[in-house]
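Q: Here it is, the structure, as structure tokens.
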Amino acid sequence: MTHVIETETQPRPLDDLESEPIVNDFSIVAATVNGSGSQTANNVLMRAIFKMGIPVSGKNLFPSNIQGLPTWFIIRVSKDGYTARRDTTEILIAFNQRTADEDLASLVPGGVCIHPNDVKFTNPRSDVFFYPLPVRELVRQSGADAKLRDYIANMVYVGAVAELLGIDMNEIKAALERHFKGKSKPIALNYGVVVAAAEWVRANLSKVDRFRVEPMEKTQGLILVDGNTAAAFGALMGGMTVCAWYPITPSTSLVDAMTELAPILRADPVTGTTTYAIIQTEDEIAAAGIIVGAGWAGARAMTATSGPGLSLMNEFVSLAYFAEVPCVIWDVQRMGPSTGLPTRTSQGDVLSAYYMGHGDTRHVVLFPGTMTECFEFGYLAFDLAERLQTPVLVLSDLDLGMNNWMSEPFTYPEKPFDRGKVLTADELERFKDWGRYKDLDGDGIPYRTLPGNPNPRAAYLARGTGHNEYAIYSERPTDWQQNLDRLTRKHNTARTLVPKPIILDDELANIGIIAYGSTDPAVREAGDILRARGIRTAYLRIRALPLEATLTDFLAKYERVYVVELNQDGQMAQLVQLHAPEYAARVRSVRICNGLPMTAQFVVDSIMRAEQAKRE
Amino acid sequence: MTVETKTNGKPHVNRIGLTSQDYRGGETTLCQGCGHNSITSQIIAAAFELSLAPHQVIKMSGIGCSSKTPAYFMSRSFGFNTLHGRMPSVTTGAVLANRTLLAIGISGDGDTGSIGLGQFKHMVRRNVPVVYIVENNGVYGLTKGQFSATADVGQTLKYAGTNVLPPIDICIEALAADCGFVARSFAGDAKQVRELLKAAMSFHGTAVIDIISPCVTFNNHHDSTKSYDYGKAHEERLQDIQFIPRFDEVHIDYDEGDERYVQLHDGPMIKLRKLGRDYDPTNKWHAIELLERARQNHEFITGLLYINTQRQTLHETMHLTSTPLAYLSEEELRPSRERFERVMQRFM
Ligand SMILES: Cc1ncc(C[n+]2csc(CCOP(=O)(O)OP(=O)(O)O)c2C)c(N)n1
Ligand code: SF4
Ligand SMILES: [Mg+2]
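Note that the protein sequences, when read in sequence, are chains A and B.
For reference, each letter of the first sequence is one residue, going 250 to 865 in the working numbering.
For reference, each letter of the second sequence is one residue, going 3 to 350 in the working numbering.
Printed below as a string of structure tokens:
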């Protein structure tokens, strides 16, 4: 890993650049214009490298715009399997004149700039290698329809990059075949351009840079998937029956994936009747209302939204908490308020999600950090919601949700559903002193009945208004207080049921790192870099709120614990301090809130700085 | 009506063996004489007469004095007193989860006409099966006497002064959203309320009944258009309405020019006997025109304003399985390994 650090931080003189090749360890940045169809080209490149057995990750940095604004796609190629974003660019595909100068400036010395020959740079650099391409000619020669030309132009860089880096053309072809679902015409047209571009490069340019790819065996058997698709898949495996939603980036693609996968997974192949309802509502208030109604009546109900939508659901989440209705809310977090940076990632909803509502509410919140967890929390969230009879919030983010990640294939969920304490008419017979809100087991979780239960004692009126154990309206101070005390008991039960943190231990560690969600890859990479620099760290990744004893034990072990997160106020750091006030002084917040995914470099620099300050 | 249900001409038990007592709820806590209480009584009567199975009924409401009333009828039914203006969405979710439930929604003019207008219209637009009752008193009762959006121009309230804004007509809003059952009634007209309720409870889809329901505490003064006196003096019934259940054997004489029968789903019928004017309740244009004119001329017209039994319900448009989603077993809900593998292949 020392090597990576050096390439990132130390500019190298041009003359020894030719010495050794840099294999499978660099970032490619494709700078294009939003809406020009570059997504296909980028995914094809990424997939081809992945299929050569080389670890990759892809991040799409896109504007809140349909067409015309600049967009960047970063493909990180990492022989060591690192998938976090990096600040440096080794290979630039400069296909956007408007950002060309800025993009060029961000290249490392010795880097590569591939660009259409009509893109002009104000200050061409002498320490990078330029490969100009006759994009217009190559597109014209392809014979493509005029309206397809912009789109096809992107295939020129696919061909050039493939030729310059040594990407297997068969894998490019396979990726195109997959993308166009075997349709021969578009495959032939696109692949034709790729081949023509590669041939042109071979005939007219000579390779002078050091970057290339070589086949490895590190991705065999792995899949490429985005977190929103994984979540939708998991939810459908978990028996989601009602999904109500209102479109908002970056959660929309979760429901899109659900709509696409549901007929395959859950529709009757003969009649087409479905065992689920996906309903687009008039707003997020209605989406929340529908899942609360559905959850109350016995469905496994969920919604997917992002910050602005989440705030509209506030009143319902509060009601569901007090009326004790199960439902699941996926919050795919984005940056800031309504018009903040709607297409940029963040972990800014931690506190508002945990305390969402009015009148003393604390919720179960899950933080998936991997694709497997996005899938598994897809169904686990329903189990927890029904077991605890309460809303469960799942906090993903744009980076996890919308970017493609390598993952082990998901495994078929073997654990049966947990439908919680639901009494049928017959079962109710055995409960002589049943009350809808009566704690019969001492865990704070009452037994519920579902509308339609014919037992004459089963019915009750759900409400947020004060009620006693028998769901009867009551404003008696003791009734209200008892109810709140039971809800606190229930929250403590939740503490024992939510997914435990994952700990990456190091016997020799002297400091701890805490993180959650999408920052996981950056924190793991940072741990390796720090170790190479002589700082040993142990790492605990939080996967849920409420926080529990594992975390307290972890805090007890290390003198300094850094909480890494993507928000301005160190929201999780605050919760950690509240959870274990006796160790609050040990907690240091490492945070950044600039709309970009976390980098290992930022974590390393922040911790190094703090540790050095400590020593001085 | 079948003989067993009658003793001395008065039904004691209905077809499922329940007495009207079995349809009662808790003691009302509303003001004595509140119009909402009369509507509650008619809901009890209608449910009893229709022999509704209490456990199959869900009582839904928003927030307001009106929305409290589900506690005062059918205590053997489930219910959900939701949020202000948001009962439509919760009801939509509940009936999506269990399509066999009969939803009775109780709302107020504030609950539906102001904070909940959006949800109301989208519920109608989706044709969510629900009997949607607006207990309309032109005022916010529970928050003590502010104007609601259904108050007529020039109305005065002790607390709120004079209203200068045009009223929202709940029935016009329902019609504009293509509601298949739109009616208006008056809490002081018990029989009409009851017959309309029975028809609405037998209708497939959203049935909206806007019932003028005087608030005796804040809006029952003699010059209020939502008062008992005004209603009694000005109510103009469009028709004499009689609900004819399927289990009744009736001889229908289609020739009688003044009578008209509307066939509902699964057999029951509504008999409409013409009163003052010629009116065709299956013509939406006429309904809107009638209501617009009534609004201009300050007429208080009640009755079945519009009926259309042809619209698909939410369940139909969504192609939902006939088993309630809430009752599907794990085997039915968890996809097979083979289907799971088919999806996994897409990511390989
Ligand atoms: C979100 C929200 N805002 C305000 C209120 C306060 N509130 C309770 S009832 C009500 C008005 C009810 O009026 P209406 O629906 O006409 O019912 P009525 O009491 O007249 O039957 C208001 C504003 C509330 N409960 N929730
Ligand atoms: S305030 Fe008005 S609406 Fe409320 S209970 Fe009293 S009379 Fe009825
Ligand atoms: Mg009112």
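We put the beta carbon where it would ideally sit given N, CA and C, even for glycine.
Remember, predicted model here, so these are calculated numbers, not experimental data.
My understanding is that B:R336 touches A:M486, with C-beta atoms under 8 Å, so please give their C-beta distance in whole angstroms.
A: Working through the second sequence from its first residue, we reach residue 336 of chain B at position 334. Working through the first sequence from its first residue, we reach residue 486 of chain A at position 237. Confirmed, about 6 Å.
Q: Can you tell which of B:K193, B:N139, B:K70 and B:G207 has the C-alpha that lies nearest to the C-alpha of B:D111?
A: Mapped onto the second sequence, residue 111 of chain B falls at position 109. Checking every option, the nearest Cα to that of B:D111 belongs to B:N139.
Q: Which class does B:Q349 belong to by DSSP, given the choice of helix, strand or coil?
A: Taking the first residue of the second sequence as position 1, residue 349 of chain B is located at position 347. First, the residue type needs correcting, since residue 349 of chain B is Phe and not Gln in the sequence shown. In the structure shown, B:F349 sits in a helix (DSSP, three-state: H, G or I).
Q: Return the residues of the region 200 to 214 of chain B that lie within a Cβ-Cβ distance of less than 9 Å from chain A, sorted by chain order.
A: Within the region 200 to 214 of chain B, no residue has a Cβ that lies closer than 9 Å to any Cβ of chain A.
Q: For B:T323, go through chain A and note every residue whose CB falls closer than 8 Å to its CB, in chain order.
A: The residue given as residue 323 of chain B occupies position 321 in the second sequence. Under the 8 Å cutoff, chain A gives D517, T522, T523 and T524.
Q: Measure from the alpha carbon of B:Q241 to the alpha carbon of each residue in B:T31, B:A185, B:A151 and B:S226, then state which is nearest.
A: As a working note, residue 241 of chain B is residue 239 in the second sequence. It is B:A185.
Q: Taking the Cβ atom as the reference point for each residue, do A:Q638 and A:P700 lie within a distance shorter than 8 Å?
A: Working through the first sequence from its first residue, we reach residue 638 of chain A at position 389. Working through the first sequence from its first residue, we reach residue 700 of chain A at position 451. Cβ distance not < 8 Å, so A:Q638 and A:P700 don't count as in contact.
Q: Using 8 Å as the cut-off, can you tell me whether the region 714 to 730 of chain A makes contact with the region 582 to 591 of chain A, which would need three or more C-beta pairs spanning the two stretches below that distance?
A: Not touching, per the Cβ criterion.
Q: Looking at the unbroken alpha helix (DSSP H) that takes in A:H364, where does it start and where does it end?
A: Stepping through the first sequence from its first residue, residue 364 of chain A is reached at position 115. Not the alpha helix (DSSP H): A:H364 falls in the beta strand (DSSP E), residues L356 to P365.
Q: In this structure, how does DSSP classify A:N309 when only helix, strand and coil are distinguished?
A: In the first sequence, the residue the question calls residue 309 of chain A occupies position 60. Note: A:N309 maps to strand in three-state DSSP.
Q: Can you tell me whether B:Y161 is buried or exposed? The criterion is at least 16 other CB atoms within 10 Å of its CB, across all chains shown.
A: The sequence position of residue 161 of chain B within the second sequence is 159, counting from 1. That one is exposed.
Q: Name the residues in the region 132 to 146 of chain B whose C-beta lies less than 8 Å from a C-beta of chain A; which are they?
A: Residues passing the 8 Å Cβ filter: none.
Q: For B:Q58, go through chain A and note every residue whose CB falls closer than 9 Å to its CB, in chain order.
A: Locating residue 58 of chain B in the second sequence gives position 56, where the first residue counts as 1. Here the neighbours are P700, G701 and P703.
Q: Can you check whether the CB of A:I534 is closer than 8 Å to the CB of A:L561?
A: Translated into positions along the first sequence, residue 561 of chain A becomes position 312. Translated into positions along the first sequence, residue 534 of chain A becomes position 285. For A:L561 and A:I534, yes; Cβs fall inside 8 Å.
Q: Between A:Y811 and chain B, is the shortest Cβ-Cβ distance under 8 Å, so that the two count as touching?
A: The residue labelled residue 811 of chain A in the question sits at position 562 within the first sequence. Chain B, which has no Cβ nearer than 8 Å to the Cβ of A:Y811, makes this no.
Q: Report all residues from its chain with a CB closer than 8 Å to the CB of A:T745; omit the five preceding and five following residues, and keep chain order.
A: One-based indexing of the first sequence puts residue 745 of chain A at position 496. Result list for A:T745: E797, in chain order.
Q: Does the beta-carbon distance from B:A105 to B:V133 come in below 8 Å?
A: Taking the first residue of the second sequence as 1, we reach residue 105 of chain B at position 103. Taking the first residue of the second sequence as 1, we reach residue 133 of chain B at position 131. Cβ atoms of B:A105 and B:V133: closer than 8 Å.
Q: Does B:H124 have its Cβ less than 8 Å from a Cβ in chain A?
A: Here residue 124 of chain B corresponds to residue number 122 of the second sequence, with the count starting at 1. Yes, its Cβ sits closer than 8 Å to a Cβ of chain A.
Q: Is B:D257 helix, strand or coil when you go by DSSP?
A: For the purposes of this step, residue 257 of chain B is taken as the residue at position 255 of the second sequence. Low per-residue confidence applies at B:D257: pLDDT is 48, beneath 50, and the placement is therefore not dependable enough to give any value.
Q: Out of B:S229, B:D280, B:L327 and B:Q121, which one is the CA nearest neighbour of A:A516?
A: Counting from 1 along the first sequence, the entry for residue 516 of chain A is found at position 267. Out of B:S229, B:D280, B:L327 and B:Q121, B:L327 has the C-alpha closest to the C-alpha of A:A516.
Q: Select from B:Q265, B:N310, B:L274 and B:M271 the residue whose C-alpha is nearest the C-alpha of B:W287.
A: The residue you call residue 287 of chain B lines up with position 285 of the second sequence. Selected option, being the one with the closest Cα: B:N310.
Q: For the alpha helix (DSSP H) that contains A:R668, what are its first and last residues?
A: Here residue 668 of chain A refers to the residue found at position 419 of the first sequence. No alpha helix (DSSP H) contains A:R668, which DSSP labels as neither H nor E.
Q: Could you tell me which uninterrupted beta strand (DSSP E) segments, each at least 3 residues in length, are contained entirely in the region 486 to 523 of chain A, listed from first to last along the chain?
A: For the region 486 to 523 of chain A, whole beta strand (DSSP E) runs of length 3 or above, ordered along the chain, are 491 to 494.
Q: What three-state label does DSSP hand A:P260 in the structure shown?
A: Position 11 of the first sequence, counted from the start, is the residue given in the question as residue 260 of chain A. Any answer about A:P260 is weak, because its pLDDT of 36 lies below 50 and its placement is not dependable; what the coordinates show is given next. Reduced to three states, the DSSP call for A:P260 is coil.
Q: For the candidate residues A:G476, A:K430 and A:S285, whose alpha-carbon lies nearest to that of A:V643?
A: Walking along the first sequence from the start, residue 643 of chain A turns up at place 394. Measuring from the Cα of A:V643, the nearest candidate turns out to be A:G476.
Q: Could you name the residues of the same chain whose beta carbon sits closer than 6 Å to that of A:D532, not counting the 5 residues immediately before and after it, in chain order?
A: For this step, residue 532 of chain A is matched to residue 283 along the first sequence. Same-chain partners within the cutoff: Y495.
Q: What residue from A:G544, A:R549, A:D598 and A:A546 has the CA that sits closest to A:N563's CA?
A: Counted from its first residue, the first sequence places residue 563 of chain A at position 314. Nearest of A:G544, A:R549, A:D598 and A:A546 to A:N563, Cα basis: A:D598.
Q: Leaving out five residues on either side along the sequence, give the residues of the same chain with a beta carbon under 8 Å from the beta carbon of B:G118.
A: Sequence index remark: in the second sequence, residue 118 of chain B carries index 116 (1-based). Only G64, H86, G87, R88, M89, P90 and S109 meet the Cβ criterion.
Q: Please name the residue in A:F378, A:D399 and A:S375 whose C-alpha comes closest to that of A:E386.
A: Here residue 386 of chain A is taken as the residue at index 137 of the first sequence, counted from 1. The candidate whose alpha carbon is nearest that of A:E386 is A:D399.
Q: Just to check, is the beta-carbon of B:L32 closer than 7 Å to a non-hydrogen atom of ligand 2?
A: The residue you call residue 32 of chain B lines up with position 30 of the second sequence. Yes.
Q: Thinking C-beta only, is B:A48 closer than 8 Å to B:L199?
A: Taking the second sequence and counting its residues from 1, the one referred to as residue 199 of chain B is at position 197. Taking the second sequence and counting its residues from 1, the one referred to as residue 48 of chain B is at position 46. Contact: yes.
Q: Any idea if A:E420 is buried or exposed, counting beta-carbon neighbours within 10 angstroms, 16 or more meaning buried?
A: The count along the first sequence starts at 1 and reaches residue 420 of chain A at position 171. Burial call: buried.
Q: Could you check whether the Cβ of A:G547 sits closer than 8 Å to any Cβ belonging to chain B?
A: Mapped onto the first sequence, residue 547 of chain A falls at position 298. So yes, A:G547 belongs to the interface.
Q: Is B:A201 buried or exposed, if buried means 16 or more other CB atoms sit within 10 Å of its CB?
A: In the second sequence, the residue the question calls residue 201 of chain B occupies position 199. It is buried - the Cβ of B:A201 has at least 16 other Cβ atoms within 10 Å.
Q: Would A:I534 pass as an interface residue toward chain B - the criterion being a Cβ-Cβ separation below 8 Å?
A: One-based indexing of the first sequence puts residue 534 of chain A at position 285. Yes, contact with chain B.
Q: By the DSSP assignment, the alpha helix (DSSP H) with A:G558 in it spans what residues?
A: As a working mapping, residue 558 of chain A is identified with position 309 in the first sequence. Per DSSP, A:G558 belongs to the alpha helix (DSSP H) from G556 to L561.
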